[in-house]
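The numbering of the sequence shown is this note's numbering, which starts it at -3 and goes up by one.
Structure, as structure tokens:
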Amino acid sequence: MEYVPLEITGAERAFYGESLILLEGAVEEFLSCVRMIRRYQVSLGRRDPVASFQARIKSAESMKAKLRRKGLPVTAASALEEVRDAAGVRLICPFARNIDQMTALIRQIPGIRILREKDYIRSPKPNGYRSYHIILSLPLRFLPRPPEEPVWLEVQLRTLAMDCWASIEHQLKYKQDIENQALIVQELKRCADEIASTDLSLQTIRELIETPARQEEFHADLSG
Ligand code: 0O2
-3 MEYVPLEITG AERAFYGESL ILLEGAVEEF LSCVRMIRRY QVSLGRRDPV
47 ASFQARIKSA ESMKAKLRRK GLPVTAASAL EEVRDAAGVR LICPFARNID
97 QMTALIRQIP GIRILREKDY IRSPKPNGYR SYHIILSLPL RFLPRPPEEP
147 VWLEVQLRTL AMDCWASIEH QLKYKQDIEN QALIVQELKR CADEIASTDL
197 SLQTIRELIE TPARQEEFHA DLSG
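In structure tokens:
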């Protein structure tokens, strides 16, 4: 798994101050667990449940805007304690079932504390957004942070197809001057639903390849 250094500029250093190292620590601890989870699965002869990942510290600009939107004090303390997605990791999985598999393995990480889980896959957002979100904290082994003051991290788990949709929708969101917004929103929702159905078909194909017995069931289903 490739190491991706976190992108941090002077603006993030100025805004997060001494908390920055805690956010970096939270990301690194989690990524190190994910690395071992993936290697262990592969060592058992299973497929790697993760295709790729991204990690980021939320930009100072984006965090300040979010704090203002929520009517919270625009401070690092408020970002860490109230917003809880200053540190973020996105895991992109080949198939939807890898998301359930990874979620179950993440819940078993020693010392993990899970604050909240949001299943936007089984309950997509009205615009079609699908992803599984977990807000969690891990013990920071080499940093001075008491356990009663957890450093929260937001983990997003998506399939490759869900990630493709979310990236394009995210770009379009910032284009406010588009004519015919309603049509665009409707078309994006249609694409999200088609992508979800394609995800399901791809997973079925994977299962047909892995388990020949499933092929008989599949033919039986098709012939009614
Ligand atoms: P960025 O730039 O990605 O960091 P909450 O008050 O916690 O309930 P919040 O924080 O909006 O509300 O939580 P939620 O719904 O779990 O969403 C958090 C993140 O999920 C967002 O972060 C996005 O990354 C992603 N997300 C949620 N909804 C959508 C969506 O409709 N489209 C896309 N493309 N991404 C979405 P930020 O802070 O908005 O932005």
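We put the beta carbon where it would ideally sit given N, CA and C, even for glycine.
No experiment lies behind these values; they were computed from the predicted model shown.
Any contact between the region 141 to 151 and the region 120 to 132? By contact I mean 3 or more CB pairs, one from each, below 8 Å. In short, these stretches touch, since the Cβ pair count reaches three.
Closest to Ile17 by CA distance: which of Asp159, Met158, Ile174 and Arg141 is it? Here the closest residue by C-alpha is Arg141.
Per DSSP, what kind of secondary structure is Lys169 in: helix, strand or coil? Of the three classes helix, strand and coil, the one that applies to Lys169 here is helix, per DSSP.
Exposed or buried, Glu20, counting other C-beta atoms within 10 Å across all chains shown (16 or more means buried)? Flag for Glu20 reads buried.
Ile88 and Ala47 - do their beta-carbons sit closer together than 7 Å? Contact annotation: Ala47 and Ile88 have beta-carbon atoms nearer than 7 Å.
Less than 8 Å between the CB atoms is what I'm expecting for Gly124 and Asp189, so what's the real figure, rounded? About 6 Å; that satisfies the 8 Å criterion.
Would you check if the region 85 to 104 and the region 28 to 48 touch, i.e. whether three or more CB-CB distances between them fall below 8 Å? Taking 8 Å as the limit for Cβ pairs, the verdict is that the region 85 to 104 does touch the region 28 to 48.
From which residue to which residue does the beta strand (DSSP E) around Ala83 run? Ala83 -> beta strand (DSSP E) spans Ala83 to Cys89.
Among Tyr36, Glu24, Lys60 and Cys29, nearest to Ala7 - alpha-carbon criterion: The residue with the shortest Cα to Cα distance from Ala7 is Lys60.
Going by Cα to Cα distance, which pick from Cys187, His166 and Ala100 is closest to Gln37? Minimum Cα distance to Gln37 is reached at Ala100.
May I ask you to report which of helix, strand or coil DSSP gives Ser48? Here Ser48 sits in strand by DSSP.
Quick check: does the Cβ of Tyr125 come within less than 6 Å of any heavy atom belonging to the ligand 0O2? Checking every heavy atom of the ligand 0O2 against the Cβ of Tyr125, one is found closer than 6 Å.
From this set, Leu27, Ser28 and Arg154, which residue's C-alpha is nearest Arg118's C-alpha? For the set Leu27, Ser28 and Arg154, the Cα lying nearest the Cα of Arg118 is the one of Arg154.
Let me check one thing: in DSSP terms, what residues is Glu20 bridge-paired to? BP columns for Glu20 are empty, so no partner.
Identified DSSP bridge partners for Ile105: Residue pairing for Ile105: DSSP places it in no beta bridge.
For Gln97, count neighbouring Cβ atoms within 10 angstroms of its own Cβ and tell me buried if that reaches 16, exposed if not. The residue is buried, with at least 16 neighbouring Cβ atoms inside 10 Å.
Who does Asp189 pair with in a DSSP beta bridge? DSSP lists no partner for Asp189.
For Thr155, does the three-state DSSP call read helix, strand or coil? Here Thr155 sits in strand by DSSP.
If you run the structure through DSSP and keep just helix, strand and coil, what is Glu144? Annotated three-state conformation of Glu144 is coil, per DSSP.
Would you say the beta carbon of Ala192 comes nearer than 6 Å to a heavy atom of the ligand GDP? Because the ligand GDP does not appear in the structure shown, any question about it cannot be addressed here, the ligands present being the ligand 0O2.
Proximity to Ser127 [Cα-Cα], best of Gly13, Pro146, Leu168 and Phe91: The candidate whose alpha carbon is nearest that of Ser127 is Phe91.
Between which two residues does the alpha helix (DSSP H) containing Tyr12 stretch? Tyr12 -> alpha helix (DSSP H) spans Gly6 to Tyr12.
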